[in-house]
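Protein chains in written order, with my numbering: chain A, 1 to 252; chain B, 253 to 348; chain C, 349 to 679.
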């Protein structure tokens, strides 16, 4: 695989993860359990939308066909999206949203920390900015997992169910394909497999503090990184892209 | 009206720049101190307003009573000698 | 306005002679522009009116998140999406500041939420209209926030300290809200024919409800007179409405859009625009629950509140456990 092509794919994955999770979180605005939480979830969503713009603009630049972040976000179809399956899963109840967030934040944090050392200065720069934001995201989602796990009987059950339901989408985070391998070879990105142990360590410690049981390793759902998604993504895009599709070539 | 428990109210103090004192900026609800600090960050520093946050449970604040405003604060009015403008310094001395 | 037709519980304006010594001292402080602070003596009617007004204002911010929130997932670019999300988030913040201000008067947020959820408390009529197209997001920012700012800027000087401070913070944060709305309208008005049509359609639908926001004429209202005496209302409804029309008509002309009022004309003698009759029947219908979205808005709010209950309870339970553990450890 040509270097530019691999880097483009890699940047799409980073950008699409941020885009789709930011979109999911923005769905919460106005529906959160407390006003304070409306503000907090929106802040995380805003951070992710900002990261989306950085990654996808860089992706467009690397591709060299004149596409920018908006172009990539609003005019690709589902098969061309490269986000992991985890981030497109529906919000569910607050426990599901927090489980999804915690799984992702912990991985995102570890990944960006490595990407700060990327041989590609542009990647390192975006990662450094994102890491500050994601450090806070992780702190927040971790605090919520602990509170819901060790809160009431009901919250414990819901939190446990959420961890169990989403577990099968976490395997994909650590599976490297030829794009990831190419990035490792060129010093652009880290060995994803090596992130698994520190991630699991954080999961175990948090689950213990939260009186929750971490699910056993099992069959991992995969495909998002190659554009094979769950049914949910199509509906996200139907919302996201509606205006751009309904009024082609208009500016907004 | 309601027997349900509500998250307690916290008062939020933010230091906007190094060197300045923390200033009261408002209140919010949070279940505990950790969440109160995070909520304060999300509610009161959305526009880059702060470098440090204090939160205090509203119920833990001891306040002077408004009806004692006279006895508490008016005596200070008569102690004008505490203010530099009380003293006349010869002009030829310049700034003091 | 975000608080419409707030009742004061009084049937006439007291003369100085009718007032008790405390009431007189209170009024004199208000007259002298001295801020009233929590826990200071205040007439019960003042306290109750303020609770009503501030909470109505807060409810409007919270319910107001819905019509705009309706387009967050469909905003047409990443920039627009971030701006809209930040704006709706600000509204949550403004509701929060206002509930906190109301809480200094001896009510709890839960009590106020309960009043909203039960349908007992009112919120601004404007948020019971639907947002049907993206242009509605522009129109809301431009017209609705524009109207709200008219009222909120003077309220920064209101007599109650916590309310005044909340308004100062809100006005500072809201300064971008109207501009982003107008910015959307400018893009649409200079865009494709479909976009321009979308903008005109939004103006057509939002113009009259925006004028209604200021509430019916209160020239003869004893409640308004009392509120103005207390300096928790600064301008009359008609005054603000006129100011809004005068300010907005040139903005519409700049966009090349037509204000949907055949009677709208510049009155050189008055130095103001004359405008057509407002359909107050519609206003009262909407205020009393019969607007296109009243039921939907309330149902959505109740649902969020009820579905969040187990989360709030869990955080409470955790805090209690943690406190107990800390206590046991210290012992």
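Note that CB positions come from ideal geometry on N, CA and C, so glycine has one too.
So which residues on chain A does residue 721 (chain C) lean against when the C-beta distance must stay under 7 Å?
Absent from the model: residue 721 (chain C). The displayed extent of chain C is 349 to 679, so no value can be given.
Hey, residue 420 (chain C) and residue 509 (chain C) are a contact pair by Cβ (cut 8 Å); roughly how many whole angstroms apart?
Taking the third chain and counting its residues from 1, the one referred to as residue 420 (chain C) is at position 72. Taking the third chain and counting its residues from 1, the one referred to as residue 509 (chain C) is at position 161. Rounded, the Cβ-Cβ distance is 34 Å, inconsistent with contact.
Taking just the CA atoms, how far does residue 56 (chain A) sit from residue 67 (chain A)?
As a first step, residue 67 (chain A) is located in the first chain; it is residue number 67 there, counting from the start. As a first step, residue 56 (chain A) is located in the first chain; it is residue number 56 there, counting from the start. Roughly 9 Å separates the two Cα atoms.
Collapsed DSSP secondary structure at residue 301 (chain B) in the structure displayed
Residue numbering aside, residue 301 (chain B) sits at position 49 when the second chain is read from its first letter. The answer is coil: DSSP assigns residue 301 (chain B) none of H, G, I, E or B.
State yes or no: is the beta carbon of residue 210 (chain A) nearer than 7 Å to at least one beta carbon in chain B?
Numbered from 1 along the first chain, position 210 holds the residue referred to as residue 210 (chain A). Taking Cβ atoms only, chain B never reaches closer than 7 Å to residue 210 (chain A), which makes this a no.
Residue of B:260, B:288, B:340, B:259 minimising C-alpha distance to residue 266 (chain B):
Start at 1 with the first residue of the second chain, and residue 266 (chain B) comes out as number 14. Between residue 266 (chain B) and the set B:260, B:288, B:340, B:259, the nearest pair of CA atoms involves B:288.
Relative to the C-alpha of residue 615 (chain C), which candidate in C:634, C:603, C:626, C:590 has its C-alpha closest?
For this step, residue 615 (chain C) is matched to residue 267 along the third chain. With distances taken between Cα atoms, residue 615 (chain C) lies closest to C:590.
Quick test of your reading: residue 584 (chain C) and residue 567 (chain C), contact by CB under 8 Å. State the CB separation rounded to the nearest angstrom.
Within the third chain, residue 584 (chain C) is the residue found at index 236, counting from 1. Within the third chain, residue 567 (chain C) is the residue found at index 219, counting from 1. With a contact defined as Cβ atoms closer than 8 Å, residue 584 (chain C) and residue 567 (chain C) qualify at about 6 Å.
Where the beta strand (DSSP E) containing residue 268 (chain A) begins and where it ends
Any answer about residue 268 (chain A) is impossible in this case: the structure gives chain A only from 1 up to 252.
Check whether chain C comes within 7 Å of residue 81 (chain A), counting only Cβ atoms and requiring the distance to be less than that.
For the purposes of this step, residue 81 (chain A) is taken as the residue at position 81 of the first chain. With 7 Å as the cut-off, residue 81 (chain A) does not count as an interface residue toward chain C.
Out of A:18, A:247, A:239, A:226, point me to the one whose CA is closest to residue 105 (chain A)'s CA.
Taking the first residue of the first chain as position 1, residue 105 (chain A) is located at position 105. Taking only the C-alpha atoms, the option nearest residue 105 (chain A) is A:18.
For the 8 Å Cβ check, are there 3 or more pairs between the stretch 535-554 of chain C and the stretch 308-320 of chain B?
No, they do not touch.
Looking at residue 39 (chain A): is its Cβ nearer than 7 Å to the Cβ of residue 528 (chain C)?
Taking the first chain and counting its residues from 1, one reaches residue 39 (chain A) at position 39. Taking the third chain and counting its residues from 1, one reaches residue 528 (chain C) at position 180. No. Outside cutoff.
For the 8 Å Cβ check, are there 3 or more pairs between the stretch 228-241 of chain A and the stretch 209-217 of chain A?
no
Hey, quick one: how far does the alpha helix (DSSP H) through residue 339 (chain B) stretch, first residue to last?
Counting from 1 along the second chain, the entry for residue 339 (chain B) is found at position 87. It is not in any alpha helix (DSSP H) - residue 339 (chain B) carries neither H nor E in the DSSP assignment.
Starting from residue 135 (chain A), trace the alpha helix (DSSP H) both ways and give me its first and last residue.
Here residue 135 (chain A) corresponds to residue number 135 of the first chain, with the count starting at 1. Residues 121-149.
Scan the stretch 353-370 of chain C for residues whose Cβ lies nearer than 9 Å to a Cβ of chain A and list them as they occur along the chain.
none
Option nearest residue 203 (chain A) by Cα separation, candidates A:193, A:214, A:195
Here residue 203 (chain A) corresponds to residue number 203 of the first chain, with the count starting at 1. The option with the nearest alpha carbon to residue 203 (chain A) is A:214.
Taking all protein chains shown into account, do 16 or more other C-beta atoms lie within 10 angstroms of the C-beta of residue 451 (chain C), making it buried, or fewer, making it exposed?
As a first step, residue 451 (chain C) must be located in the third chain, where it is residue number 103. When all chains shown are included, residue 451 (chain C) counts as buried.
Just to make sure I have the definition right: I need the residues of chain A whose C-beta is within less than 7 Å of the C-beta of residue 549 (chain C). Which are they?
Residue numbering aside, residue 549 (chain C) sits at position 201 when the third chain is read from its first letter. Simply none; closest approach about 14 Å.
Check whether the stretch 217-231 of chain A touches the stretch 389-409 of chain C, counting contact only when three or more Cβ pairs, one atom from each stretch, lie closer than 8 Å.
no
Within this structure, are the beta carbons of residue 35 (chain A) and residue 444 (chain C) separated by less than 7 Å?
For the purposes of this step, residue 35 (chain A) is identified with residue 35 of the first chain, where counting begins at 1. For the purposes of this step, residue 444 (chain C) is identified with residue 96 of the third chain, where counting begins at 1. Yes. Within cutoff.
Residue 280 (chain B): contacting residues in chain A (beta-carbon distance under 7 Å)
Within the second chain, residue 280 (chain B) is the residue found at index 28, counting from 1. Simply 36.
Using a Cβ-Cβ cut-off of 8 Å (strictly less than) and excluding sequence neighbours within five positions of residue 195 (chain A), which residues of its own chain qualify?
Here residue 195 (chain A) is taken as the residue at index 195 of the first chain, counted from 1. Counting only Cβ-Cβ distances below 8 Å, and skipping sequence neighbours, we find 107, 110, 111, 114, 173, 174.
Could you name the residues of the same chain whose beta carbon sits closer than 6 Å to that of residue 83 (chain A), not counting the 5 residues immediately before and after it, in chain order?
Taking the first chain and counting its residues from 1, the one referred to as residue 83 (chain A) is at position 83. Excluding sequence neighbours, residue 83 (chain A) sits near 16, 17, 20, 224.
So if DSSP puts residue 384 (chain C) in a beta bridge, which residue, or which two residues, is it bridged to?
Here residue 384 (chain C) corresponds to residue number 36 of the third chain, with the count starting at 1. According to the DSSP secondary-structure assignment, residue 384 (chain C) is paired through a beta bridge with C:508.
Pick from C:427, C:633, C:620, C:605 that is closest to residue 588 (chain C), judged by C-alpha positions:
Translated into the one-based positions of the third chain, residue 588 (chain C) becomes position 240. Among C:427, C:633, C:620, C:605, the Cα nearest to that of residue 588 (chain C) is on C:620.
Determine which residues share a DSSP beta bridge with residue 261 (chain B) and list them.
As a first step, residue 261 (chain B) is located in the second chain; it is residue number 9 there, counting from the start. B:281.
Give the residues of chain A in contact with residue 660 (chain C), contact being defined as C-beta atoms less than 8 Å apart.
Residue numbering aside, residue 660 (chain C) sits at position 312 when the third chain is read from its first letter. Neighbours of residue 660 (chain C) on chain A, chain order: 33, 34.
Which residues of the stretch 444-462 of chain C have a Cβ closer than 7 Å to any Cβ of chain E? Give them in chain order.
In the displayed structure, chain E is absent; the protein chains listed are A, B and C.
So, is residue 602 (chain C) buried or exposed, given that buried needs 16 or more other C-beta atoms within 10 angstroms?
As a working mapping, residue 602 (chain C) is identified with position 254 in the third chain. Exposed is the call here.
Neighbour-count burial assignment, residue 117 (chain A), 16 or more Cβ in a 10 Å radius
For the purposes of this step, residue 117 (chain A) is taken as the residue at position 117 of the first chain. With fewer than 16 other Cβ atoms within 10 Å, it is exposed.
For residue 506 (chain C) versus residue 580 (chain C), is the C-beta spacing smaller than 7 Å?
Within the third chain, the letter at position 158 stands for residue 506 (chain C). Within the third chain, the letter at position 232 stands for residue 580 (chain C). Against a cut-off of 7 Å, the Cβ pair of residue 580 (chain C) and residue 506 (chain C) comes out as a contact.
Compare the C-beta of residue 295 (chain B) against all C-beta atoms of chain A and say whether one is closer than 7 Å.
On the second chain, position 43 is the one that residue 295 (chain B) refers to. So yes, residue 295 (chain B) belongs to the interface.
In angstroms with no decimal places, state the Cα-to-Cα distance between residue 370 (chain C) and residue 390 (chain C).
Residue mapping note: residue 370 (chain C) aligns to position 22 of the third chain, counting from 1. Residue mapping note: residue 390 (chain C) aligns to position 42 of the third chain, counting from 1. Whole-angstrom Cα-Cα distance: 8 Å.
Between which two residues does the beta strand (DSSP E) carrying residue 477 (chain C) extend?
Walking along the third chain from the start, residue 477 (chain C) turns up at place 129. No beta strand (DSSP E) contains residue 477 (chain C), which DSSP labels as neither H nor E.
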